[in-house]
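Okay, structure first, notes after.
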Amino acid sequence: MKSSNLQKTLKKSEQYLPAEDTFFLADHLEGLSGDSALDIGCGSGYLTDILKSTFRLVVGTDISFNTLVEQNFKTQNVICCNSADALNLDFDVIICNLPYLATDEIIDVATDGGKDGLEIPQKIISSALPHLSKQGKFLFVTSSLSDYMGLIDFVHSKNFKAKIIDRKKLFYEELIIVEVKHLLS
Ligand SMILES: C[S@@+](CC[C@H](N)C(=O)[O-])C[C@H]1O[C@@H](n2cnc3c(N)ncnc32)[C@H](O)[C@@H]1O
Numbered sequence: 130m131k132s133s134n135l136q137k138t139l140k141k142s143e144q145y146l147p148a149e150d151t152f153f154l155a156d157h158l159e160g161l162s163g164d165s166a167l168d169i170g171c172g173s174g175y176l177t178d179i180l181k182s183t184f185r186l187v188v189g190t191d192i193s194f195n196t197l198v199e200q201n202f203k204t205q206n207v208i209c210c211n212s213a214d215a216l217n218l219d220f221d222v223i224i225c226n227l228p229y230l231a232t233d234e235i236i237d238v239a240t241d242g243g244k245d246g247l248e249i250p251q252k253i254i255s256s257a258l259p260h261l262s263k264q265g266k267f268l269f270v271t272s273s274l275s276d277y278m279g280l281i282d283f284v285h286s287k288n289f290k291a292k293i294i295d296r297k298k299l300f301y302e303e304l305i306i307v308e309v310k311h312l313l314s
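For the sequence shown, our numbering begins at 130 and goes up steadily by one.
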């Protein structure tokens, strides 16, 4: 996507309010704890807020500045950037409710994933993986509306383990949670 188009899209972007995919990922945060956690594409801050109670340091990132300004669940450490690009730190847990819809263009940064729903998720994952601590866990939400197996193959190509740990059928799609770990963890 041309950066001038991205800037126009971002100017129109709005906070993504917690939805089925958010709540599904939230169910998988129960029992997680540690030193540091990163919520990529933190949106309203709903998930970041949950992580705050069990992690010492929690960072949220979002590419949409409007979103971070509007956040319904305000959190302390939020950064406006692509995925984890601005960070120089490893995390015990990384989460992301991806923009996974297969779309020809990126009209809504909150939901549109580009071709086969892979383009933006691959960008986000490529930036996130170097920030996963050796024993860390990266959970992301994707969907049957995208080439989720292609996304899992992409993670494997980066020399990480990836497996589907849960699925949830909705009326029009199936939500999928993928867990990523280092090969030797
Ligand atoms: C599906 S929404 C999820 C929001 C929130 N985490 C939730 O679960 O309700 C995806 C979020 O990712 C953000 N986003 C999209 N592309 C991104 C990127 N390349 N880097 C960081 N955030 C991005 C969007 O602005 C949006 O807030």
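Think of the CB as a built atom: it goes at the ideal place given N, C-alpha and C, for glycine as much as any other residue.
Pairing PHE267 with PRO147, the inter-Cα distance amounts to about 20 Å. Annotation: LEU161 to TYR277 spans about 24 Å, alpha carbon to alpha carbon. In terms of CA proximity to THR190, ASN206 leads the group ASN206, LEU180, PHE184 and GLU199. In this structure, SER275 sits near GLY242, with a CB-CB distance shorter than 9 Å.
Ligand 1 has a heavy atom closer than 8 Å to the beta-carbon of PRO147. Sequence-distant Cβ neighbours of SER212 in its own chain, meaning closer than 6 Å and more than five residues away, are ILE169, ILE253, SER256 and ALA257. Scanning ASP295, GLU302, PHE300 and LEU261 for the CA closest to the CA of LEU312 turns up LEU261.
A Cβ-Cβ separation of about 6 Å places PRO228 in contact with VAL238 under the 8 Å criterion. Annotation: the stretch 228-286 contains the following complete segments of the alpha helix (DSSP H) (minimum length 4 residues), in chain order: 248-257 and 277-286. In the three-state scheme derived from DSSP, where H, G and I count as helix and E and B as strand, ALA155 is classed as helix.
Put simply, the backbone Cα of ALA166 is about 11 Å away from that of SER182. Shown here, ASN195 sits in a helix according to DSSP, grouped into three states.
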